[in-house]
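S.K.: Chains as they are written, first to last, in full-length UniProt numbering: chain A, 1 to 752; chain B, 1 to 73. Could you have a look at this structure, given as structure tokens, before my questions?
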């Protein structure tokens, strides 16, 4: 509102000063009148507004009065303000400086710092100082770089000028060519030369004078003597004689000067002085380096001879390439004046050539005579030819039984047994007991005896008799069948006993013999005889067994009777029992029949046992054939090689009985789990821990105990004890003594 | 001397000449003299900072030709 009113003021005040023409581009007279009209209208309007305007000013006056501030007349400043506004040309209200100063004075403020900015800046420049924010310190003004640059420039220019001046002054002294020419005169030059000549002459004169003086006093002779002495003391080629030079003679070129120096040696080394040339040493080093760089191949594949420069084969030592490193470098050296190395070498070469010639082998051109090669050795060659030596194997002199061997023994036996009636055929074919076991009727017993131990044999015979009884019974039928045959060849039906077989069979009996302490062979013999007697006496009785493991004899005369009697009794319902004594086969048979051993058939796994149940024409090939047939009806697959799945037709019946068994170190058969553990431990090389091992051992021991335990009795054998007790008391019960029993009886009584 | 423009954006726009070391209170009195409002009803702001009476203009970094918002309370 205020602003608008003020703008009106402006117009009002400005009207007299401004011409209407200035306001509008090019107004005519009519226009001017029209404008006037408008202005009048404006005036009217303005007057109304002026009235309105008075009010706020009055109000403001009141305000100022309230605030105890001097009343400011708005009217007056407005005039001045207009000028300022016009000058600034802005829409906002603005008082002039003077106006503001007046206003400020009224409010109580210091006047405006009009133009102060310029003054202050200039003042600052003059001072060259600046106050900091707190006004305490003055700061040094920053350097003006422009000023500095100008200063430097001027200084440089001055320095240049100065130098120029100096140079000029210096050059001014030097004479130019023309000037100098003008100075040097011929006369001058001549004078100078004369002067120098004169000086020389004077010097000569003076020298002569001095010499004359010396001669007068005899000084000349003394000097000459000194010179002689010095010459004598001088080190000459005579002194060099015998010194060693550490180079090859050939390296010194003839008629050439070489400077030799003493070689460096340790202070404490007690060696002779050695002369060397530094340059030659360097040359040698260089040569050596070149050699090293050549990279000689050490390996000589065909052991070729190496030759030195004179064509003489080099002697080769083992690992010659390391000789230098072990022994140190070989150096050619010579002594001055003493040994003429060059001559010596020549002599050596000549010598070597001579040797070479001496060594030379003469090879004939004639070739060896050709001969026809023959397929056979001639006599000479045969003589050379060595047959491979046969290893002569020593056959053990095992007493092979022959009739001759047996003869003397038989005699002994005949004497001992007093069975003279029985003739023994010397021609009888010798049959070992293993071949034909117990076929013959045992009418008499023939011993095959080793000479060594007939006594033992007798003892064996003793036990044999006992067992024989069983044999007799068992073999009755067989014997009858073969009677005719045996009668043909073996009239008496002797039993032939093999000593070793007998020994093995009766091993169980012998310990008793040894243990009894009746080692005396004579006694034994006597016993044997006695028994024989006894047996004969008690002929009718069935051969009584005196001792189970002892000997018993059979009277062959009673045999017929016995057989007759025994035959009907002993022919068993079951098959006859095979004779265990005859051999392993028989023993196995017996075991089989008794069921100790299973038959192998039963032992087979189901695969082979039920083989007959399997499909007859089934093969693995059939499987693949079906598939292929579906794909290709041509059936080409049949002809094709079907690889490893083909059946072995020739091995059709072969049904292998595969059974994998693992056995541990102790011989126990392991089950799969144990086997795995065992193999694993072996493979890893790391066994189970101590505790585990103990546990396993304990378990196995327990298992063993379990197996040993009888199934019919308690571990403490109470059943046995009970039975024994019952037998003792001869009653079917056992009375358990004790107070408990009485109570029981009492109870039973009360019950009754 | 600096000249500051104060605008209330309601029709009043004043240009005030003052010294940089005048306080805001002094400026308010000058504005009041020019506009005719009571000086203690005037609030001067720049964005959200309200200028306090006892602080010099130079401390508020009010320079020549700056615009200050004019409010009334």
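By construction, the Cβ of each residue, glycine as well, lies at the ideal position given by its N, Cα and C atoms.
Go through its chain and collect everything with a Cβ distance to residue 331 of chain A's Cβ below 7 Å, but skip five positions before and after it.
M.R.: Excluding residues within five positions, the ones whose Cβ falls inside 7 Å are 246.
S.K.: Can you look up residue 48 of chain B in the DSSP assignment and give me helix, strand or coil?
M.R.: Coil.
S.K.: For residue 260 of chain A versus residue 277 of chain A, is the C-beta spacing smaller than 9 Å?
M.R.: Cβ atoms of residue 260 of chain A and residue 277 of chain A: closer than 9 Å.
S.K.: Whose C-beta lies closer than 8 Å to the C-beta of residue 715 of chain A among residues of the same chain, with five residues either side of it excluded?
M.R.: Taken in chain order, the residues that qualify are 709.
S.K.: Let me confirm a value: residue 671 of chain A is counted as buried when at least 16 other C-beta atoms fall within 10 Å, else exposed. Which label applies?
M.R.: Label assigned to residue 671 of chain A: exposed.
S.K.: Could you round the C-beta distance between residue 55 of chain B and residue 24 of chain B to whole angstroms and report it? I think they count as a contact, below 8 Å.
M.R.: Rounded, the Cβ-Cβ distance is 6 Å, consistent with contact.
S.K.: With a threshold of 9 Å between beta-carbons, can residue 1 of chain B be considered close to chain A, or not?
M.R.: Yes, residue 1 of chain B lies at the interface with chain A (some Cβ there is under 9 Å from its Cβ).
S.K.: Let me confirm a value: residue 19 of chain B is counted as buried when at least 16 other C-beta atoms fall within 10 Å, else exposed. Which label applies?
M.R.: That one is buried.
S.K.: Under the rule that 16 or more other beta-carbon atoms within 10 Å means buried, what is residue 734 of chain A, buried or exposed?
M.R.: Exposed, because fewer than 16 other Cβ atoms sit within 10 Å of the Cβ of residue 734 of chain A.
S.K.: Who are residue 244 of chain A's beta bridge partners in DSSP?
M.R.: A/274, A/335, per the DSSP bridge assignment.
S.K.: Please classify residue 374 of chain A as buried or exposed, where buried requires at least 16 neighbouring CB atoms within 10 angstroms.
M.R.: Exposed is the call here.
S.K.: Could you confirm whether any beta carbon from chain A is found closer than 9 Å to the beta carbon of residue 30 of chain B?
M.R.: At least one chain A Cβ lies under 9 Å of residue 30 of chain B.
S.K.: Return helix, strand or coil for residue 490 of chain A, following the three-state DSSP convention.
M.R.: Confidence at residue 490 of chain A is low in this model, with a pLDDT of 47, below 50, so its placement is unreliable and no value can be given for it.
S.K.: Checking contacts by CB at 9 Å: is residue 34 of chain B closer than that to chain A?
M.R.: Answer yes: the Cβ-Cβ gap between residue 34 of chain B and chain A drops below 9 Å somewhere.
S.K.: For residue 137 of chain A, count neighbouring C-beta atoms within 10 Å of its own C-beta (all shown protein chains included) and say buried if the count is 16 or more, exposed if not.
M.R.: Exposed, since its Cβ has fewer than 16 Cβ neighbours within 10 Å.
S.K.: Below 9 Å between beta carbons: does that hold for residue 455 of chain A and residue 503 of chain A?
M.R.: No, the pair does not count as a contact, with Cβ atoms beyond the cut-off.
S.K.: Relative to the alpha-carbon of residue 334 of chain A, which residue among A/192, A/249, A/698 has its alpha-carbon at the smallest distance?
M.R.: Of A/192, A/249, A/698, the residue nearest in Cα terms is A/249.
S.K.: Using the Cα positions of residue 722 of chain A and residue 732 of chain A, report the straight-line distance between them to the nearest angstrom.
M.R.: Going from the Cα of residue 722 of chain A to the Cα of residue 732 of chain A covers about 10 Å.
S.K.: Given a threshold of 16 other Cβ atoms within 10 Å of its Cβ, counted over all protein chains shown, does residue 762 of chain A qualify as buried or as exposed?
M.R.: Missing from the structure shown is residue 762 of chain A; chain A here goes from 1 to 752 and no further.
S.K.: Since residue 33 of chain B and residue 42 of chain B are thought to touch, with beta carbons under 8 Å apart, how far apart are those beta carbons, to the nearest angstrom?
M.R.: Actually they do not touch by this definition, with Cβ atoms about 11 Å apart.
S.K.: Nearest-angstrom Cα distance between residue 161 of chain A and residue 145 of chain A?
M.R.: Taking the straight line from one Cα to the other gives about 24 Å.
S.K.: Please report the straight-line C-alpha distance between residue 592 of chain A and residue 580 of chain A, rounded to a whole angstrom.
M.R.: Rounded to whole angstroms, residue 592 of chain A to residue 580 of chain A spans 12 Å at the Cα level.
S.K.: Run through DSSP, which three-state label would residue 177 of chain A get?
M.R.: Looking at residue 177 of chain A - three-state DSSP - the assignment turns out to be helix.
S.K.: Using only alpha-carbon positions, find the residue among A/273, A/222, A/698 that is nearest to residue 241 of chain A.
M.R.: Closest by alpha carbon: A/273.
S.K.: Alpha carbon to alpha carbon, how far is residue 36 of chain B from residue 45 of chain B? Give it in angstroms, no decimals.
M.R.: Rounded to the nearest angstrom, the two C-alpha atoms are 19 Å apart.
S.K.: Please go through the same chain and pick out, in chain order, the residues whose beta-carbon is closer than 8 Å to the beta-carbon of residue 100 of chain A, but skip the five residues on each side of it.
M.R.: Correct list, in chain order: 112.
S.K.: Please list, in chain order, all residues of the same chain as residue 64 of chain B whose beta carbon is under 7 Å from its beta carbon, the five residues on each side excluded.
M.R.: Contacts found: 2, 3.
S.K.: Could you tell me whether any Cβ in chain A is nearer than 9 Å to the Cβ of residue 15 of chain B?
M.R.: Yes, contact with chain A.
S.K.: To the nearest angstrom, how far is it from the Cα of residue 737 of chain A to the Cα of residue 702 of chain A?
M.R.: The straight-line gap from Cα to Cα measures roughly 35 Å.
S.K.: Decide if residue 380 of chain A is buried, meaning its Cβ has at least 16 other Cβ atoms within 10 Å, or exposed.
M.R.: By the 10 Å Cβ count, residue 380 of chain A comes out exposed.
S.K.: What did DSSP end up calling residue 56 of chain B once you bin it into helix, strand or coil?
M.R.: Correct three-state label for residue 56 of chain B: strand.
S.K.: Give the range of the beta strand (DSSP E) segment to which residue 108 of chain B is assigned.
M.R.: Summary: the structure shown does not reach residue 108 of chain B, with chain B confined to residues 1 through 73, and so no result is reported for it.
S.K.: Listing by chain order, which chain A residues have their CB less than 9 Å from the CB of residue 8 of chain B?
M.R.: Going along chain A, no residue has its Cβ under 9 Å from residue 8 of chain B, so there is no contact; the nearest lies around 11 Å.
S.K.: Here's the rule I'm using: 16 or more other beta-carbon atoms within 10 Å means buried, otherwise exposed. How should residue 39 of chain B be labelled?
M.R.: It is buried - the Cβ of residue 39 of chain B has at least 16 other Cβ atoms within 10 Å.
S.K.: Between residue 53 of chain B and chain A, is the shortest Cβ-Cβ distance under 9 Å, so that the two count as touching?
M.R.: It does not; no Cβ of chain A falls within 9 Å.
S.K.: Can you pull the chain B neighbours of residue 113 of chain A, defined as C-beta to C-beta under 8 Å?
M.R.: The answer, in chain order, is 1, 19.
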